[in-house]
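Engineer:
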Amino acid sequence: MSSNNESIGKTLGVVVGLCLVCAVVVSVASVQLRPLQKANKAQDVQRNILAAAGFNDVTNVEEMFGQNIEARVVNMETGEFVEQDHTTFDFESTKFDAKRSFKLDKADDKAGIQRMTDHSPVYLSKDASGQVSTIILPIQGYGLWGIMYGFIALDKDTETVKAIKFYKHNETPGLGGEIENPKWTATWVGKSLPITLVKGTAGTDKHKVDGLSGATLTSVGVGNTVDFWTSNKGFGPFLANVRNGALN
Numbered sequence: 001m002s003s004n005n006e007s008i009g010k011t012l013g014v015v016v017g018l019c020l021v022c023a024v025v026v027s028v029a030s031v032q033l034r035p036l037q038k039a040n041k042a043q044d045v046q047r048n049i050l051a052a053a054g055f056n057d058v059t060n061v062e063e064m065f066g067q068n069i070e071a072r073v074v075n076m077e078t079g080e081f082v083e084q085d086h087t088t089f090d091f092e093s094t095k096f097d098a099k100r101s102f103k104l105d106k107a108d109d110k111a112g113i114q115r116m117t118d119h120s121p122v123y124l125s126k127d128a129s130g131q132v133s134t135i136i137l138p139i140q141g142y143g144l145w146g147i148m149y150g151f152i153a154l155d156k157d158t159e160t161v162k163a164i165k166f167y168k169h170n171e172t173p174g175l176g177g178e179i180e181n182p183k184w185t186a187t188w189v190g191k192s193l194p195i196t197l198v199k200g201t202a203g204t205d206k207h208k209v210d211g212l213s214g215a216t217l218t219s220v221g222v223g224n225t226v227d228f229w230t231s232n233k234g235f236g237p238f239l240a241n242v243r244n245g246a247l248n
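Residue numbering for the sequence shown follows UniProt numbering, beginning at 1 and increasing consecutively.
1. Helix, strand or coil for L124 per DSSP?
2. Below 8 Å on the Cβ atoms is my contact criterion, and I expect residue 259 with T117 to pass it. Report the Cβ-Cβ distance as a whole number of Å.
3. Is residue 272 helix, strand or coil when you go by DSSP?
4. Classify N244: buried if its beta carbon has 16 or more other beta carbons within 10 angstroms, exposed otherwise.
5. Please return the same chain residues whose Cβ sits closer than 6 Å to the Cβ of V58, not counting the five positions on each side in sequence.
6. Considering only the alpha carbon of each residue, which of T204, A39, Y123 lies closest to V242?
7. Contact between the segment 142 to 150 and the segment 36 to 44: three or more CB pairs below 8 Å?
8. Is the CB-CB distance between H86 and V74 below 8 Å?
9. Quick check on DSSP: helix, strand or coil for P182?
10. Only counting runs of 3 or more residues, tell me where the beta strand (DSSP E) segments fall wholly within the UniProt domain "FMN-binding" (143 to 233), in order along the chain.
11. Using the Cα positions of I69 and D210, report the straight-line distance between them to the nearest angstrom.
12. Taking the straight line between their C-alpha atoms, what separation do you get for P138 and G9?
13. Helix, strand or coil, according to DSSP, for A53 in the structure here?
14. Using DSSP's beta-bridge definition, name the partner residues of A246.
15. If G221 and M148 are in contact, beta carbons under 8 Å, what's the gap, nearest whole angstrom?
16. Name the residue from A111, G150, L175, K191 whose alpha carbon lies nearest to the alpha carbon of S231.
17. Checking 8 Å against the spacing of the C-beta atoms, do V189 and A163 come in under that value?
18. How long is the line joining the alpha carbons of L203 and L154, rounded to whole angstroms?
19. Kindly indicate the opening and closing residues of the alpha helix (DSSP H) around E70.
20. Can you tell which of K156, A107, L20, H119 has its C-alpha closest to the C-alpha of E83?
21. Mark residue 337 as exposed unless 16 or more other C-beta atoms lie within 10 angstroms of its C-beta, in which case mark it buried.
22. Return the chain-ordered list of same chain residues with a C-beta closer than 7 Å to the C-beta of K165, the five sequence neighbours on each side being excluded.
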């Protein structure tokens, strides 16, 4: 009988010891890999900003970003540039920092994001002569299943869409997930703000874009997201300053 108890005790001891060793290994690996994960996430954001600016198939993301994109931070209330480090912003988590964000009134929260930051990065792409040619704004809003993260690129006139790109979302593949489809995002190019997503065919109307077939709620979410971030509740004050010569 004692022999059986000793056998069970030894077995449990081995199991517990193995669990502890595995837990330590996983914890150490997680800590050591965290800087790499953070760097990869930042690089993915840069890659998507470059794509929104028209730079595709980039091999050295950091170098290309540094050469072609100027990152600035704006005060969301005044639309004025402020001296802050744009790399301290995480589009998924910074808005939950009570010291750097505020709760939106439900009536104002058209994008369904609940909170937004007091300040936000904006990205400026310049042409060969050094003049700003494209303004890239980070956007986020609720679709069918969760928050969609992306960028909208505007011409320096602040009204003409040059690109829209979503890089993270939980929308249904083949339906709402088509917000990543280049064929659909291409229909935004050349359209002018404000934009309405419509059922059927938008045709040549510069203020209308075809909604996604079979994904009405996702389409509504995209429309609400673009409306919110280009309104006075979002980047509207900044865009107004640009029209008044802020980039000069």
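Cβ coordinates follow ideal geometry from the N, Cα and C atoms, glycine included.
Structural biologist: Quick look at the numbers:
1. strand
2. What the structure shows of the chain is the stretch from 1 to 248, and residue 259 is not part of that stretch, so it cannot be assessed.
3. Any question about residue 272 goes unanswered here, given that the chain covers just 1 to 248.
4. exposed
5. L50, M64
6. Y123
7. no
8. no
9. helix
10. 147 to 155, 161 to 168, 196 to 198, 208 to 210
11. 30 Å
12. 57 Å
13. coil
14. According to DSSP, which records beta bridges pairwise, A246 is partnered with nothing at all.
15. 7 Å
16. A111
17. yes
18. Checking the sequence, you will find Gly at residue 203 rather than Leu. Those two C-alpha atoms are separated by around 21 Å.
19. First-last for E70: 69 to 75, but that is the beta strand (DSSP E), not the alpha helix (DSSP H).
20. H119
21. Past the boundaries of the shown model lies residue 337; the chain is included only from 1 to 248, so the question cannot be answered.
22. N48, A51, A52, G150, F151, T185
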